[in-house]
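Residue numbers (our numbering): 754 to 1305. Here the structure comes first, spelled out in structure tokens, and everything after it is commentary.
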Amino acid sequence: MNVEDLKKSVTNIVHSMYNFDCSEIVSLTRPPKPEYGDWALSLPLKLASLLKSPAIDIAQSIASALLELDGVQDVYVAKPGFINLKLSREHTTGIISEVLEQGSSFGRNTTQSSKKINLEFVSGNPTGPLHLAHTRWAAVGDSIARILINCGADVTREYYINNVGNQIHLFSESVYARALSKSLPKDGYPGEYVKDIARRIQCEFPNIIDLSYEDAIKIFRKRSWQIQIEEIKKSCIAFRVNFDVWFSEESLHEPDRFGKSQIDKALARCKQNGYLFQKNGAFFIRTTEFGDDKDRAVLRSDTSYTYYAADCAYYLNKINRGFSDLVILVGADHHGYVKRFQAMSNIFHVDSENNRKNVQVLLGQMVLLKNKRQSKREGNVIGLSEIIQSVGVDPLRFWFCRYPIDTPIDLDEQHLKKRSNDNPVYYVQYAYARTRSLIRSANLLQMEKFGFFPELLVHETETALVSLLYDYKTVVIDAARFLQPHRVVRYLESLAGAYHKWYDKCRIIPRKGILDKSEAELVNTRLELNRAVGQVLYNALDLIGVSAPERM
754 MNVEDLKKSV TNIVHSMYNF DCSEIVSLTR PPKPEYGDWA LSLPLKLASL LKSPAIDIAQ
814 SIASALLELD GVQDVYVAKP GFINLKLSRE HTTGIISEVL EQGSSFGRNT TQSSKKINLE
874 FVSGNPTGPL HLAHTRWAAV GDSIARILIN CGADVTREYY INNVGNQIHL FSESVYARAL
934 SKSLPKDGYP GEYVKDIARR IQCEFPNIID LSYEDAIKIF RKRSWQIQIE EIKKSCIAFR
994 VNFDVWFSEE SLHEPDRFGK SQIDKALARC KQNGYLFQKN GAFFIRTTEF GDDKDRAVLR
1054 SDTSYTYYAA DCAYYLNKIN RGFSDLVILV GADHHGYVKR FQAMSNIFHV DSENNRKNVQ
1114 VLLGQMVLLK NKRQSKREGN VIGLSEIIQS VGVDPLRFWF CRYPIDTPID LDEQHLKKRS
1174 NDNPVYYVQY AYARTRSLIR SANLLQMEKF GFFPELLVHE TETALVSLLY DYKTVVIDAA
1234 RFLQPHRVVR YLESLAGAYH KWYDKCRIIP RKGILDKSEA ELVNTRLELN RAVGQVLYNA
1294 LDLIGVSAPE RM
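And the structure:
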């Protein structure tokens, strides 16, 4: 019985006793002290006002029913209405065998299996290298995808290429200027990478500088962003991020055989549903009806489309591809997107409440390096490839996933390179390497013939480790439910900390060898616990795309 099973049991008990569905409010937490039991339940306090009954009476009734469950050893009720549960020793230590039997599958579940999710992240403009903030979105977005897939979801990782608009024009003009060895246009893009792209285009088209401006700029406009996207793809792959779809904004503007673009069709849908109106020669969508601070323009008076028009078409494109959920990671400076995307969900599905899609916009804070923000426009970009070369993939992915996405991060390169216990990624990876070292030593001793006796695991550090192994499934389920990879990272740190403590307090393999049968049984039992911890460390590290080294 895992935590989710226990929650279901509590829900069933309450429903049978009070004909009340408590599934949305039931939660189990670890008590502040081990002697209080394995799990604490404060549900009676919540039910008291809902059921118009004293919390202590509700607690007593639920406690009596919980005692009948397999695996529950004791149940304690405390005023004003708390319940503490103690599971049987056989039940808690059974998690070790479960981990070893399931191996890399341990922690997988089907809690998200009903969902087909489009997860859009990074989506940096193809006007320069991915910078530190993009690196964070890459680490977090890919980890969210891994966690959701682990929980049964069908996930598509998607990168939206913003290859339409003024910034693409300025970028093309900047590359063209570098090819001609001329000064940059106003608000153009500096940086060596612009010169590199210019040189590459000149190699591809040796006579390009002899062409007219009109003919040359067409080539620069197309090839500049394409070359930059090629570099971005290489950087993402090096960072262990593989996008399933690279979606071009340009495709939304392309007409079909009837002369209608995807944007045209999206706006026609808005008009059909009654949300498109004209004002001062421009067209707007009534997004204020859904909480936006102003109605959004989609077609300017000069007949050019706005970015929001493309956003509407892109949303509809995703829906037409059959996604049930849309998750979008953007920077905090895009906070206005939240209401705009929620408006789309209502506008395009006005005919059916059930067809409205679950749209979640995750706002991420900036990353600072030596207290300096990065800007492609200012030419002081620290690119993804550069930071990977300096720090490494593992420290970066671990560090960026370590914090809630809405928390600003100050990146200290030197700290992430340290091989010491105050560097979290080293601390966790070293724990895994230690488990592998013990396994190699045990293989030489052929310890498996002495059996597994979980009742021998009585040291307080062993109890703590077993409890943490028991928590893993819930951590993964919650990380998927709330789209929060930092839950997995913090769990990894807790498990590694508990393991190092156990390693230091308990002698797993005696220095002088095995003395008798009883000692051999304890040693092998501890080695099984060691294997289980190593397996869970490996599984959890894989969820955030961080390697598990055999040796360190």
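Ideal Cβ placement from N, Cα and C applies to all residues, glycine included.
- Looking at the backbone, the Cα of R1150 and that of S762 are separated by about 37 Å.
- In the DSSP annotation of this structure, the continuous segment of the beta strand (DSSP E) that includes F835 starts and ends at 835 to 840.
- In the DSSP assignment, N1111 falls within the beta strand (DSSP E) that extends over 1111 to 1117.
- The DSSP-derived three-state label of R1172 is coil.
- Ranked by Cα distance from F992, the first of M1305, R1304, S1300 is S1300.
- When only Cα atoms are considered, K939 and I921 end up about 14 Å apart.
- For the set I1081, E1246, E1213, H1088, the Cα lying nearest the Cα of C1259 is the one of E1213.
- If you compare the alpha carbons of A1085, C904, M1305 with that of N862, the shortest gap goes to C904.
- For the set E777, W792, S776, the Cα lying nearest the Cα of R783 is the one of W792.
- Rounded to the nearest angstrom, the gap between the Cα atoms of E757 and G860 is 12 Å.
- Within the same chain, L1280 come within 6 Å of A1195 by CB-CB distance, once the 5 residues on both sides are set aside.
- In this structure, the straight-line span from the alpha carbon of N837 to that of I766 is close to 16 Å.
- Taking C-beta atoms under 8 Å as the contact rule, E1208 and R842 qualify, at a distance of about 6 Å.
- Around the beta carbon of V1211, a 10 Å sphere encloses fewer than 16 other beta carbons of the protein chains shown; the residue is thus reported as exposed.
- Within the region 833 to 899, the complete beta strand (DSSP E) runs of at least 3 residues fall at 835 to 840, 869 to 873.
- In the DSSP assignment, F1000 falls within the unbroken beta strand (DSSP E) covering 998 to 1001.
- D895 and R1243 have their alpha carbons spaced roughly 17 Å apart.
- A straight line joining the alpha-carbon of L1164 with that of R1172 spans about 17 Å.
- The secondary-structure analysis by DSSP pairs V828 across a beta bridge with L838.
- Contact annotation: the region 1007 to 1027 touches the region 1047 to 1065, with at least three C-beta pairs closer than 8 Å.
- Apart from sequence neighbours up to five positions away, the residues of its chain that approach S1077 with a beta-carbon distance below 6 Å are K868, K869, ordered along the chain.
- Rounded to the nearest angstrom, the gap between the Cα atoms of A1251 and L1218 is 6 Å.
- L1236 counts as buried, since at least 16 other C-beta atoms from the protein chains shown sit within 10 angstroms of its C-beta.
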